[in-house]
Each structure stands twice: as structure tokens, then as C-alpha cells.
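Numbering (the working numbering), first residue to last: -14 to 211.
Virtual Cβ for every residue (Gly too), placed ideally from N, Cα, C.
Source: prediction; values computed, not measured.
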């Protein structure tokens, strides 16, 4: 994540900046930004106070570093899940599933630093970061949906921009549910169903529902009466 830099004053020999940021992420994620003190960070990161200030600056600056590092890591995995599969339906499903799996790992707090902790921070820099992160996520999903349109998997009039926003909103909802205790299995099932639903063409009947105006309905009614 970080390039080799000259060791600034206050940096201990053998100091691993990546590892320290990962530990800081865990502290902020567990306690929430407002509740975290410098003493919490010193204890959680395994550094002395002068080193923390010399390397990362104050609490607000460190939190921004944590957000950037966390979002970079999460975004790389989400992009691979979204853009890797050849079919758009698999890409959207895998994207939402990746979000669920990241939010329900056994070795970290549930939820998401960006989705659950950062929105509560009253800081213009954090709000700007979240707005830019959201815009990047929507643009990435829209790019994948447009590929689906170009490949003939989705109709030409498919509302890619609107559906991309819906996919990102769905991902946030899944993260929040993970934070409050929903199981991974339940969330993965819902992610799969949500991916199918968001790709339904406008005006299409919900899956599993049949009316006299849908293919197969007449045959279904005949069997029901016999």
C-alpha cells in the first residue's frame, strides 16, 4: 500500500506502517470515531504517542488514512468480483456477495468502516471522501451494466444509471444488516435475490409470480383446476 519512504523522526526501527493502519482501522471500527481516544490508538496500534503523531498526525488525519487504505482494499476486491465474471448477472451477484463476505468476516468487527462508522463522523473531509467513494462505486457498477447492454444481456433501454445507484444502495443495506447481526447465510441469499431483482427489465413480472398475462399462466391455471 505504501512506498518505501525515508524513516522520519519518531518512526521506530522495523515499523510496519501497513500493519499499524490495519490495527487503527480495527480500533475505529470497534469503538466508533468519536469514542476513540489517542490512548486507545496507542494501545491498539502498539506505538508510543510521539511516534503516532510523527507518522500519522492527529486523530482526524489518521482516520482519513484508515478510510483511504480500507476503501482501497475493499474496492479492489469488489471491482474484481463485479468485472471478472463474463455475465452481468454473475458480476452483480458476486459484487453484492463480496460486500456481504467482507462485512461478516470472523476476524474483524461486523459491518464496514466506510458504511457504518464514517457516516457518523461530522467532518467535511470525511463527507467529501464518502461522496467521492459513492460516485466511484456507482460509476463502476454502471460500467458493468453498460457492458451487459452492449453484450445483449440487458435491453437497450435498460436504465443503467438508476440501476447502478440501486445496486450500491442495496450493498449499503446489506452492510447495515450485517452490523446489527444478520447471518452471513441469510445475507448471501438476499444478495443473490437482490441481484436478480435489480436486473429485471422495466415492467417485468416479479420472478415466481404468474398472471394471465404472462407466459405459462394459462397452462398453470388449467392444471390448478384439474
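Through-space distance from residue 153 to residue 119, alpha-carbon basis: So the two alpha carbons sit approximately 8 Å from each other.
Would residue 142 pass as a contact of residue 187 if the rule is Cβ separation under 9 Å? Contact: yes.
Using a Cβ-Cβ cutoff of less than 6 Å, which residues in the same chain neighbour residue 69 once the five nearest sequence positions on both sides are dropped? No residues qualify anywhere along the chain.
How about residue 176 and residue 122: are their beta carbons less than 9 Å apart? Their beta carbons are not under 9 Å apart, which means residue 176 does not touch residue 122 by this criterion.
Which of helix, strand or coil DSSP assigns to residue 144: Secondary structure of residue 144 (DSSP, three-state): coil.
Using beta-carbon positions only, say whether residue 44 and residue 23 come within less than 9 Å of one another. In this structure, residue 23 lies closer than 9 Å to residue 44 by Cβ.
Spatial distance of residue 51 from residue 79 (CA atoms): Spanning the two alpha carbons is a distance of roughly 25 Å.
Sequence-distant residues of its chain with Cβ nearer than 8 Å to residue 96 (five each side left out): Take residue 96, set aside five residues on each side of it, and the residues of its chain with a beta-carbon closer than 8 Å to its own are 14, 88, 102, 160, 161, 163 and 164, in chain order.
If you compare alpha carbons, which of 47, 25 and 73 is closest to residue 136? Looking from the CA of residue 136, the closest CA among 47, 25 and 73 belongs to 73.
Which stretch, first to last residue, makes up the alpha helix (DSSP H) that contains residue 51? Bounds of the alpha helix (DSSP H) holding residue 51 are 44 to 68.
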